[in-house]
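Visitor: Residue numbers for the sequence shown follow our numbering, beginning at 60 and rising by one.
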Amino acid sequence: MSLIQQIKQIYIPVKELNRAVQFYRDTLEIPFLFQAGELAFFDCGGVRLMLSPPENEDFAKASPILYLSVASIDHAYSQFHTRGVTFIDEPHLVAKMDTTETWMSFFIDSEDNLLALLAEKSI
Numbered sequence: 060m061s062l063i064q065q066i067k068q069i070y071i072p073v074k075e076l077n078r079a080v081q082f083y084r085d086t087l088e089i090p091f092l093f094q095a096g097e098l099a100f101f102d103c104g105g106v107r108l109m110l111s112p113p114e115n116e117d118f119a120k121a122s123p124i125l126y127l128s129v130a131s132i133d134h135a136y137s138q139f140h141t142r143g144v145t146f147i148d149e150p151h152l153v154a155k156m157d158t159t160e161t162w163m164s165f166f167i168d169s170e171d172n173l174l175a176l177l178a179e180k181s182i
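#1: So the candidates are 125, 123, 166; which of them puts its Cα closest to the Cα of residue 140?
#2: Residues in the same chain with beta-carbon distance under 8 Å from residue 175, minus the five sequence neighbours each way, listed in chain order, please.
#3: Can you tell me the Cα-Cα spacing of residue 89 and residue 108, whole angstroms?
#4: With a Cβ-Cβ cutoff of 8 Å, do residue 111 and residue 172 count as a contact?
#5: To which residues does DSSP link residue 69 through a beta bridge?
#6: Under a Cβ-count criterion, where at least 16 other Cβ atoms within 10 Å of its own Cβ denotes burial, should residue 106 be classed as buried or exposed?
#7: Are the Cβ atoms of residue 129 and residue 178 separated by less than 8 Å?
#8: Based on the DSSP secondary-structure assignment, which residues constitute the bridge partners of residue 126?
#9: Residue 93 to residue 152, Cα distance in whole Å?
#10: Can you round the beta-carbon distance between residue 181 and residue 145 to whole angstroms, since I take them to be within the 8 Å contact cut?
#11: Could you tell me the alpha carbon to alpha carbon distance between residue 80 and residue 160, rounded to whole angstroms?
#12: Relative to the C-alpha of residue 85, which residue among 138, 114, 104 is closest?
#13: Since residue 98 is in the beta strand (DSSP E), which residue starts that stretch and which ends it?
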């Protein structure tokens with residue numbers, strides 16, 4: 060039995076907290092939980108995203124890539140593109156298994172972090 064049960068929270072370093080909150084809350088429409096000082100929290104399907112300026116240089120490194128699950132990658136891509144999100148590629152097939160295809164599209168948030176949309180399509 061694994062000691063680790065789930066991912067509970069992911070830290071995303073930001074340069075400008077208010078700008079980042081606006082992007083994640085208003086552009087990506089991830090439910091905003093609360094803000095405490097220089098920390099902002101969002102609920103992404105039960106996983107908390109914590110946005111904050113880095114406390115020191117150890118935390119100033121690039122963030123991990125968040126793969127955000129969407130029901131329809133084409134629809135999400137179109138909606139976010141319309142809202143001014145900067146994509147580095149279009150939705151594309153990355154893996155094909157028995158009855159499922161995995162599609163992704165990568166984009167940049169307001170703080171220059173790399174994120175991805177991810178959709179699994181039944182075939």
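Idealized CB from N, CA, C, for every residue including glycine.
Guide: Well, looking at it:
#1: 166
#2: 124, 125, 126, 127, 163, 164, 165, 166
#3: 9 Å
#4: no
#5: 108
#6: exposed
#7: yes
#8: 175
#9: 36 Å
#10: That belief does not hold up - the Cβ atoms of residue 181 and residue 145 are roughly 30 Å apart, past 8 Å.
#11: 32 Å
#12: 138
#13: 98-103
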